[in-house]
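Participant: Below is a structure I'd like to ask you about.
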Amino acid sequence: MSRKIMAVLVSTAMAFGNVTTSAWAAGEPAKQTAQISVAAKNQSPLPAAGAAGIKQAQGAGDNSALILGGLIVGSIVLALLLTEDDDGGGGPLTPPGTTN
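Take the position in the sequence shown, starting the count at 1, then add 20; the result is the number in our numbering.
In structure tokens:
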């Protein structure tokens, strides 16, 4: 394979390699044989916390979509640059001021 095709394939694999679109079913929870006390049953799994700020509630700190979009656009630009014909197959160039 040529170097250009390999570079396009590798960059595309790197861009889409970490994107997962499948869902897995959760396994059955483990059976507990010991008795759990009433006090332990009533405890919340997470401690209570304060309210979220406006930016946190609106998801302003999440840039993963921008990063993924940049990777996709970058790989497309890279593919276009690598596949462009830059061999200069138009024949020899003549210097300015001379005629054929």
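Cβ coordinates follow ideal geometry from the N, Cα and C atoms, glycine included.
Return the CA-CA distance between Phe36 and Val28, expressed in angstroms with no decimal places.
Facilitator: Straight-line Cα distance between these residues: approximately 12 Å.
Participant: Over the uninterrupted alpha helix (DSSP H) stretch that includes Leu29, give me the two end residues.
Facilitator: Where Leu29 is concerned, the enclosing alpha helix (DSSP H) stretches over Arg23 to Phe36.
Participant: State the Cα-Cα distance for the pair Thr103 and Asn83, rounded to the nearest angstrom.
Facilitator: Rounded to the nearest angstrom, the two C-alpha atoms are 30 Å apart.
Participant: Would Ser95 pass as a contact of Ser31 if the rule is Cβ separation under 8 Å?
Facilitator: Taking 8 Å as the Cβ cut-off, Ser95 and Ser31 qualify as a contacting pair.
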